[in-house]
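A.B. asks:
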Amino acid sequence: MSASMPLPRWVDIILLPVLNVTLAFIIGGIVVLIVGENPIEAVRIMLYGAFGYGYGFGFTLYYTTNFIFAGLAVAVAFHGGLFNIGGEGQAYVGGLGAILVALAVGGLHWAFALPLIMIASAFFAGAWAFIPGYLQAKRGSHVVITTIMMNFIATSMMSYIISRILKPENINSDESARIADVTRVPFLSEWIPLLRNTPVNISFILAILALVGVYVLIWHTKFGYALRTMGHNGTAARYAGMSNAKLIMATMAISGALVGMVAVNDTAGAHGRLILGYVAGTGFVGIAVAFMGKAHPIGVGLSALLFGVLYQGGQELAFTMPAITREMIVTIQALVILFTGAMSNMLRRPVEFAFLAARHRQEPDPVAQEKGA
Amino acid sequence: MEDIISILITTVRVSTPLILACLAGLYSERAGIVDIGLEGKLLGSAFGAAVVASVTGNVWLGLLAGIGVSLMFSAVHGLASINFRGNQIISGVALNFLASGLTVFLGAAWFGRGGNTPALSGGARFYGIELPFAGELAGVPILGPIYSGLLSGHTILTYLAFLAVPLTAWVLWRTRFGLRLRAVGENPKALDTAGMSVTVLRYKALAITAVLVGMGGAYLSTAQAASFSREMSSGRGYIALAALIFAKWKPYPALGACLLFGFLEAMQYRLQGVDLPLIGPVPTQAMQALPYILTILLLAGFVGRAIAPKASGQPYVKER
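In structure tokens, the structure reads:
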């Protein structure tokens, strides 16, 4: 692309994503107008629902926790040039690991059970993600198609396991037995009364740690360097002596293990049991979160929070404005993926043009040009 | 015999949207554009068709609306992947989300039925067409049930779907347009050098894709079912993609693969709660998962290697 010119770093990292997201919201606003509601009022209700009171805020943080894990999973894979659409199924299977361990250790104090539950969730979800990784690395089957297929297989398999094997006799709905109260991952509201009865739990802290961990992994380890090299140019990585096959398999397993933590938050925490279809789209939201956050942990954290706000605020909105359903959020999510993922070049051109124009006006001094930009 | 015929009839019914979507994907992937968004296009056009059919009471207008919706989706996909050289997979995934969100959101706002459209009847639906003498021949052994049961009594869209298969084979391998279309999916540079527009060709392919998958979507809500319900495409777009891989991007094998997946679905309805000898009751879930497992096995090269058109998935960059 001969016409493109390097833009200052902050434009790429901050300005363009913000412009793209704004565009997504403007179009979302137009859709709200089409159904005859006031978009500004809708935003106000959402913000109140997400931040206005402790109960709402707790739910915002609870959703954010899930989205951080799901977003990080997509982001890690993305750095390696892999597009993991399978977070949904991986988290679902992770729930199986979580519930099996949580029920097996029955009655063990949560402080001892939590590491075991985490390992089990990570292992189950990681193994589920390892399969497409293995198939891509060894057999050349495209990870996008296989992860989609694995989502469907997970849905069928888990539905069988939950409704036929895990479901106790005395329960009518499709779910497993309950985890003992002492074993369950404790809610933050036990320590912070402001968060009254909301499902936000210790996993939130784990999510923050995961953000830091992924940052270190991607930018400060040998593995992360190899991963990014492969993502930029697989051939170059191979000639540099890196084993793409091993990297792909390891990356997918890590990606799966990360999204498996959703099970810790939900199965072992919020719900205290494994429920049919419990992931409910979280794995897919992760795609939007990762794109919006430019696959950087800080960005992922912020966009996960934004989606947390959208989800919780969306509930409030659906309650207050009957014309607006929760699917409004899915629509916004789609627009975010579209504009920040697939159409990111659309606004890039005009921005480049604007910078070029600014440069012309201020030449020939390059320093002044930088400042002017 | 009766059982076999009835399973085959179901197979044809459930295969129709798959065939349309699979051929749709065939055109776009042959032209070098991966269309993961088939699922969203099916869902969106099913919604558009049901909405317009229920408002106007005319199923043909509904069909047009369904095609219109998928044309709009294709336009966005084209803009992202042809003009802005974005990632085609991401754009397709976004379209799937968009359809999943918008259909329920708009449906709930317009009809207030939790995202479903009102039930369609009369002129707002496609009905089965009786082929000539179907009634008279029904009594004839073997031939009768096959003709009057299996061949007759489907909606026009089913017949069109089956017709589209030889038509696609003819267009792609016997016409100049088809040659160019396949070339743009294998080596766009060569076409560009020969003075043809890669962009225009790819948009043409996407338009054909949209028309076919739009018909498939309209079939779901106005022929197979009598209204739109949320997520009613339920993975058929992905199954169609899987079938496309099975078929190695060829029309007749595509028909076979879609019929196979349709047959699996028909068996799944049939085998619910039935005890098989040796195996025992087959869990529905196992039948549901089967097409996906088969696809993975095929992709892994255990059943035979599937090689996609070479330029598929890559935006064409003129410079360099």
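Going down the list, the protein sequences come from chains A and B.
Every number in the numbering used here is 30 more than the matching position in the first sequence, counting from 1.
Every number in the numbering used here is 16 more than the matching position in the second sequence, counting from 1.
Where is the CB? At the ideal position from N, CA and C, for every residue including glycine.
This one's a predicted model, so the numbers in the text were calculated from it and none came from an experiment.
In chain A, what lies closer than 7 Å to residue 120 of chain B by C-beta?
C.D. replies: Taking the first residue of the second sequence as position 1, residue 120 of chain B is located at position 104. Neighbours of residue 120 of chain B on chain A, chain order: 355 and 357.
A.B. asks: Just list the residues that DSSP pairs residue 296 of chain B with in beta bridges.
C.D. replies: Residue 296 of chain B sits at position 280 when you count from the first residue of the second sequence. DSSP output for residue 296 of chain B lists B/292 as bridge partner(s).
A.B. asks: For my contact list, residue 44 of chain B and residue 177 of chain B are in at a C-beta cut-off of 8 Å; report their separation, rounded to the angstrom.
C.D. replies: Looking up residue 44 of chain B in the second sequence gives position 28. Looking up residue 177 of chain B in the second sequence gives position 161. About 17 Å; that fails the 8 Å criterion.
A.B. asks: Which of helix, strand or coil does DSSP assign to residue 382 of chain A?
C.D. replies: The residue you call residue 382 of chain A lines up with position 352 of the first sequence. Residue 382 of chain A: helix per DSSP, three-state reduction.
A.B. asks: Does chain A have any CB closer than 9 Å to the CB of residue 330 of chain B?
C.D. replies: Taking the first residue of the second sequence as 1, we reach residue 330 of chain B at position 314. Answer no: the Cβ-Cβ gap between residue 330 of chain B and chain A never drops below 9 Å.
A.B. asks: Counting only Cβ-Cβ distances shorter than 9 Å, please list the residues of the segment 371-387 of chain A near chain B, keeping chain order.
C.D. replies: 371, 372, 373, 374, 375, 376, 378 and 379
A.B. asks: In whole angstroms, what separates the C-alpha of residue 189 of chain A from that of residue 129 of chain A?
C.D. replies: Working through the first sequence from its first residue, we reach residue 189 of chain A at position 159. Working through the first sequence from its first residue, we reach residue 129 of chain A at position 99. C-alpha separation (whole angstroms): 14 Å.
A.B. asks: Pop quiz: residue 317 of chain A and residue 205 of chain A are said to be a contact at Cβ under 8 Å. What is the actual Cβ separation, rounded to whole angstroms?
C.D. replies: Position 287 of the first sequence, counted from the start, is the residue given in the question as residue 317 of chain A. Position 175 of the first sequence, counted from the start, is the residue given in the question as residue 205 of chain A. Actually they do not touch by this definition, with Cβ atoms about 27 Å apart.
A.B. asks: Just to confirm the assignment, what range does the alpha helix (DSSP H) spanning residue 341 of chain A have?
C.D. replies: The residue labelled residue 341 of chain A in the question sits at position 311 within the first sequence. It spans 327-350 - the alpha helix (DSSP H) in which residue 341 of chain A sits, taken as one unbroken run.
A.B. asks: Report yes if the CB atom of residue 325 of chain A is closer than 9 Å to the CB atom of residue 41 of chain A, and no otherwise.
C.D. replies: For the purposes of this step, residue 325 of chain A is identified with residue 295 of the first sequence, where counting begins at 1. For the purposes of this step, residue 41 of chain A is identified with residue 11 of the first sequence, where counting begins at 1. Going by C-beta atoms, residue 325 of chain A is not nearer than 9 Å to residue 41 of chain A.
A.B. asks: For residue 247 of chain A and residue 386 of chain A, I'd like the C-alpha separation in whole angstroms.
C.D. replies: Taking the first sequence and counting its residues from 1, one reaches residue 247 of chain A at position 217. Taking the first sequence and counting its residues from 1, one reaches residue 386 of chain A at position 356. Distance between the alpha carbons of residue 247 of chain A and residue 386 of chain A: 36 Å.
A.B. asks: Under 8 Å: do the segment 253-261 of chain A and the segment 128-142 of chain A share three or more Cβ pairs, one atom per stretch?
C.D. replies: no
A.B. asks: Between residue 105 of chain B and the rest of its own chain, which residues show a CB-CB distance below 8 Å, the 5 nearest in sequence each way excluded?
C.D. replies: Sequence index remark: in the second sequence, residue 105 of chain B carries index 89 (1-based). These residues qualify, in order along the chain: 50, 52 and 329.
A.B. asks: Taking CB distances under 9 Å as the criterion, tell me whether residue 44 of chain B reaches chain A.
C.D. replies: On the second sequence, residue 44 of chain B is found 28 positions in, with the first residue counted as 1. Residue 44 of chain B does not count as touching chain A.
A.B. asks: Verify the contact flag: residue 233 of chain B, CB atom, against every heavy atom of the ligand SAM, threshold strictly below 8 Å.
C.D. replies: Only the bare structure without any ligand can be found here, which leaves the ligand SAM out of the picture.
A.B. asks: Taking a cut of 7 Å between CB atoms, which residues from the segment 173-184 of chain A lie near chain B?
C.D. replies: 174, 175, 176, 178, 179, 182 and 183
A.B. asks: Apart from the five residues just before and just after residue 245 of chain B, which ones in its own chain have a Cβ nearer than 7 Å to its Cβ?
C.D. replies: Looking up residue 245 of chain B in the second sequence gives position 229. So the qualifying residues of the chain are 132.
A.B. asks: Give the DSSP-derived three-state secondary structure of residue 42 of chain A in the structure shown.
C.D. replies: In the first sequence, residue 42 of chain A corresponds to position 12, counting from 1. Residue state, collapsed to three classes: helix.
A.B. asks: If residue 197 of chain B and residue 188 of chain B are in contact, beta carbons under 8 Å, what's the gap, nearest whole angstrom?
C.D. replies: As a first step, residue 197 of chain B must be located in the second sequence, where it is residue number 181. As a first step, residue 188 of chain B must be located in the second sequence, where it is residue number 172. Yes, they are in contact, since the Cβ atoms of residue 197 of chain B and residue 188 of chain B sit about 7 Å apart, within 8 Å.
A.B. asks: Could you say which of A/185, A/187, A/158 and A/186 lies nearest to residue 173 of chain A if we only look at CA atoms?
C.D. replies: Your numbering for residue 173 of chain A matches position 143 in the first sequence. Of the listed residues, the one whose Cα sits closest to residue 173 of chain A is A/158.
A.B. asks: So, for residue 93 of chain A: in the same chain, excluding its five sequence neighbours on each side, which residues have a beta-carbon less than 8 Å away from its beta-carbon?
C.D. replies: As a first step, residue 93 of chain A is located in the first sequence; it is residue number 63 there, counting from the start. For residue 93 of chain A, where only same-chain residues beyond five positions count, the Cβ hits under 8 Å are 337, 338, 341 and 342.
A.B. asks: Can you give the Cα-Cα distance for residue 281 of chain B and residue 335 of chain A, rounded to whole angstroms?
C.D. replies: In the second sequence, residue 281 of chain B corresponds to position 265, counting from 1. In the first sequence, residue 335 of chain A corresponds to position 305, counting from 1. So the two alpha carbons sit approximately 41 Å from each other.
A.B. asks: Give me the Cα-Cα distance between residue 370 of chain A and residue 183 of chain A, rounded to the nearest whole angstrom.
C.D. replies: Against the first sequence, residue 370 of chain A aligns to sequence position 340. Against the first sequence, residue 183 of chain A aligns to sequence position 153. So the alpha carbons of these two residues sit roughly 29 Å apart.
A.B. asks: Cβ atoms of residue 124 of chain A and residue 291 of chain A: under 9 Å apart, would you say?
C.D. replies: Residue 291 of chain A sits at position 261 when you count from the first residue of the first sequence. Residue 124 of chain A sits at position 94 when you count from the first residue of the first sequence. In this structure, residue 124 of chain A lies closer than 9 Å to residue 291 of chain A by Cβ.
A.B. asks: Determine whether the beta carbon atoms of residue 174 of chain B and residue 69 of chain B lie at a separation below 9 Å.
C.D. replies: Taking the first residue of the second sequence as position 1, residue 174 of chain B is located at position 158. Taking the first residue of the second sequence as position 1, residue 69 of chain B is located at position 53. Contact: no.
A.B. asks: Note down, in chain order, every chain A residue with its Cβ under 7 Å from the Cβ of residue 49 of chain B.
C.D. replies: Within the second sequence, residue 49 of chain B is the residue found at index 33, counting from 1. Those do not exist, as residue 49 of chain B stays about 12 Å from chain A at its closest Cβ, beyond 7 Å.
A.B. asks: For chain B, find out if any of its Cβ atoms is closer than 9 Å to the Cβ of residue 52 of chain A; answer yes or no.
C.D. replies: On the first sequence, residue 52 of chain A is found 22 positions in, with the first residue counted as 1. False, the Cβ-Cβ gap to chain B never drops below 9 Å.
A.B. asks: If you draw a straight line from the alpha carbon of residue 220 of chain A to that of residue 248 of chain B, how long is it in whole angstroms?
C.D. replies: Residue mapping note: residue 220 of chain A aligns to position 190 of the first sequence, counting from 1. Residue mapping note: residue 248 of chain B aligns to position 232 of the second sequence, counting from 1. Cα to Cα, the separation comes out at about 42 Å.
A.B. asks: Below 8 Å on the Cβ atoms is my contact criterion, and I expect residue 209 of chain A with residue 132 of chain A to pass it. Report the Cβ-Cβ distance as a whole number of Å.
C.D. replies: Along the first sequence, one-based indexing puts residue 209 of chain A at 179. Along the first sequence, one-based indexing puts residue 132 of chain A at 102. At roughly 4 Å, the Cβ-Cβ gap stays under 8 Å, so residue 209 of chain A and residue 132 of chain A are in contact.
A.B. asks: With the cut-off set at 9 Å, would you say residue 285 of chain A and residue 127 of chain A are in Cβ contact?
C.D. replies: In the first sequence, the residue the question calls residue 285 of chain A occupies position 255. In the first sequence, the residue the question calls residue 127 of chain A occupies position 97. Against a cut-off of 9 Å, the Cβ pair of residue 127 of chain A and residue 285 of chain A comes out as no contact.
A.B. asks: Nearest CA to the CA of residue 283 of chain B: which residue from B/63, B/318, B/305 and B/262?
C.D. replies: Counting from 1 along the second sequence, the entry for residue 283 of chain B is found at position 267. Sorting B/63, B/318, B/305 and B/262 by C-alpha distance to the C-alpha of residue 283 of chain B places B/305 at the top.
A.B. asks: So which residues on chain A does residue 315 of chain B lean against when the C-beta distance must stay under 9 Å?
C.D. replies: Here the question's residue 315 of chain B lines up with position 299 in the second sequence. Those within 9 Å of residue 315 of chain B in chain A are 165, 169, 170, 171, 172, 175, 176 and 179.
A.B. asks: Specify the secondary structure class of residue 146 of chain B as computed by DSSP and reduced to three states.
C.D. replies: As a first step, residue 146 of chain B must be located in the second sequence, where it is residue number 130. Note: residue 146 of chain B maps to coil in three-state DSSP.
A.B. asks: Below 8 Å, can you find three or more Cβ-Cβ pairs linking the segment 221-236 of chain B to the segment 55-72 of chain B?
C.D. replies: yes
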